[in-house]
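Shown next, in structure tokens, is the structure this report addresses.
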Amino acid sequence: MTASDTPSLVDIHSHLVPGVDDGARHLPGVLNAIERLAQVGIRRVITTPHIDASLALTPTRLASRLDEVSKAWQTAHDAIQAEFPQVEYLRGHEVLVDLPEPDLSDPRLRLAGTSFVLIEWPRLHVPPGTPRVVRYICDQGHRPVIAHPERYSGMIRKTELPRQWKEAGALLQVNYGSLVGRYGSEAQAVAWRLIEGGQADYLASDFHGQSRLRIYKREAWTELEERGGEEALDLLCRVNPARILEDLEPLTVPSVSAPSSLLQRLRGIIVRRERSMERQA
Ligand SMILES: [Fe+2]
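Mapping to this note's numbering: the sequence shown position 198 is 198, numbers consecutive.
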């Protein structure tokens, strides 16, 4: 069995609550997206609509937003249970950290109500002092997971920042699409640098339910398998995301080497050949 056959992958980042953010707009779009995620082996989905941390400064606005998301999520949940009973549809948020001391105490802001919280910085720019913000969040008893660190502007030059984030207590989630160039060559290079350095803790789809866009899970897996990264894949896509649901820290992911050696290139050829034989079977 190859790593790609591993059942029950868990996806911790997507925008599949109907009509609440820039993700899937309507229930049929959510159902289509869930079907597509299931087709690539993802059976547990913690979907994560956008929310601004500063909303918590006005409790009535936060309550109203959380109610809106809860209602839409419940509608989708009931439909998914009826149509795709094999898929577990859970929720959290992708919290835009737009202030230095975010209040993340409402469990609905966090991933499936655990201590883990998916966060991002505004406008894909990293403001100064983010390790301090990470430490603050940890001090509040939460575990921040930084969404797609590879996508931030100028990350190609900020080689020390991922280490600083991790030392401050953050965990890092790379997008599948980044590994295959979906967000451009710089994001791709940074994504691989994180994987090669064993700094990524999770891989996720960040799927917005677009009917014309791919999920990129299969492509990313093929690339990683060609580099001999089966163990890393299992940890990044199955073991570590599943540990979130148990409120457990991720296991250390081994570094994956660049595809430079003859042995690895041969391995890549074998993996590709196996894949094409599987497809023809
Ligand atoms: Fe996202």
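Glycine residues also receive a C-beta, built at the ideal position from the N, C-alpha and C atoms. Given the structure is predicted, the values throughout are model-derived calculations rather than measurements.
Spatial neighbours of residue i in its chain, beta-carbon cut-off 6 Å, leaving aside the 5 residues before and after
{"i": "Arg143", "result": "Ser115, Phe116"}
{"i": "Val10", "result": "Arg44, Pro241, Ala242"}
{"i": "Cys237", "result": "Leu9, Leu203"}
{"i": "Leu104", "result": "Val117, His142"}
{"i": "Gln39", "result": "none"}
Nearest neighbour of residue i, chosen from the options [CA to CA]
{"i": "Ile244", "options": "Tyr202, Ala189, Ile215", "result": "Tyr202"}
{"i": "Val97", "options": "Glu230, Leu248, Ala147", "result": "Ala147"}
{"i": "Leu66", "options": "Ser255, Val17, Gly197, Glu196", "result": "Val17"}
{"i": "Gln141", "options": "Arg163, Ala170, Leu124", "result": "Sequence check: residue 141 is Gly here, not Gln. When only C-alpha atoms are compared, the closest one is Ala170."}
{"i": "Pro122", "options": "Ala33, Tyr183, Tyr176, Ala53", "result": "Ala53"}
{"i": "Arg132", "options": "Asp103, Ala168, Leu124", "result": "Ala168"}
Pairwise C-alpha distance: residue j and residue i
{"i": "Asp206", "j": "Gln173", "result": "10 Å"}
{"i": "Ala3", "j": "Arg61", "result": "With a pLDDT of only 44 at Ala3, under the threshold of 50, the placement of this residue in the model should not be trusted; the figure read from the coordinates follows. Roughly 44 Å between the two C-alpha positions."}
{"i": "Val87", "j": "Ala24", "result": "17 Å"}
{"i": "Pro28", "j": "Arg214", "result": "17 Å"}
{"i": "Pro250", "j": "Leu235", "result": "8 Å"}
{"i": "Leu37", "j": "Ser178", "result": "17 Å"}
{"i": "Leu194", "j": "Val20", "result": "31 Å"}
{"i": "Thr252", "j": "Ser211", "result": "35 Å"}
{"i": "Asn240", "j": "Leu248", "result": "8 Å"}
{"i": "Gly113", "j": "Trp165", "result": "23 Å"}
{"i": "Ala242", "j": "Thr58", "result": "33 Å"}
{"i": "Cys138", "j": "Gly197", "result": "23 Å"}
{"i": "Gly41", "j": "Tyr136", "result": "36 Å"}
{"i": "Leu118", "j": "Ala79", "result": "25 Å"}
{"i": "Trp73", "j": "His26", "result": "11 Å"}
{"i": "Pro102", "j": "Val69", "result": "20 Å"}
{"i": "Ala82", "j": "Tyr89", "result": "12 Å"}
{"i": "Glu35", "j": "Pro85", "result": "11 Å"}
{"i": "Tyr176", "j": "Ser185", "result": "14 Å"}
{"i": "Gly228", "j": "Leu55", "result": "44 Å"}
{"i": "Ala258", "j": "Asn32", "result": "35 Å"}
{"i": "Glu120", "j": "Ile12", "result": "14 Å"}
{"i": "Ala200", "j": "Arg182", "result": "18 Å"}
{"i": "Glu246", "j": "Val145", "result": "15 Å"}
{"i": "Val134", "j": "Trp192", "result": "23 Å"}
{"i": "Val256", "j": "Arg163", "result": "17 Å"}
Cutoff 7 Å; reference residue i; Cβ partners in own chain excluding five residues on either side
{"i": "Val190", "result": "Glu150, Met155, Ile156"}
{"i": "Pro254", "result": "Gly198, Glu231, Ala232"}
Own chain partners of residue i with C-beta closer than 8 Å, once the 5 adjacent residues on each side are dropped
{"i": "Val180", "result": "Gln188, Tyr216, Glu219, Ala220, Glu223"}
{"i": "Val126", "result": "Tyr152, Ser153, Gly154, Met155, Lys158, Leu161"}
{"i": "Gly302", "result": "As shown, the chain starts at 1 and ends at 281. That puts residue 302 outside it, with no answer to give."}
{"i": "His15", "result": "Asp21, Asp22, Gly23, Ala24, Thr47, Thr48, Pro49, His50, Glu94, Asp206, Phe207, His208, Gly209"}
{"i": "Val30", "result": "Leu16, Val17, Pro18, Ala24, Ala76, Ala79, Ile80, Gly209"}
{"i": "Leu124", "result": "Arg151, Tyr152, Ser153"}
DSSP-derived helix/strand/coil call for residue i
{"i": "Val87", "result": "coil"}
{"i": "Ser185", "result": "helix"}
{"i": "Ala258", "result": "coil"}
{"i": "Thr222", "result": "helix"}
{"i": "Gln173", "result": "strand"}
{"i": "Ala76", "result": "helix"}
{"i": "Arg25", "result": "coil"}
{"i": "Pro144", "result": "strand"}
{"i": "Val20", "result": "coil"}
{"i": "Ile156", "result": "coil"}
{"i": "Ala112", "result": "helix"}
{"i": "Ser14", "result": "strand"}
Beta carbon proximity, residue i to chain C, threshold 8 Å
{"i": "Asp67", "result": "Absent here is chain C; the protein component of the structure consists of one chain."}
Taking contact to mean at least 3 C-beta pairs separated by less than 8 Å, is the segment 38 to 50 in contact with the segment 77 to 94? Yes: at least three Cβ pairs fall under 8 Å.
Take every Cβ of the segment 95 to 111, pair it with every Cβ of the segment 62 to 71, and state whether three or more of those distances are shorter than 8 Å. Yes: at least three Cβ pairs fall under 8 Å.
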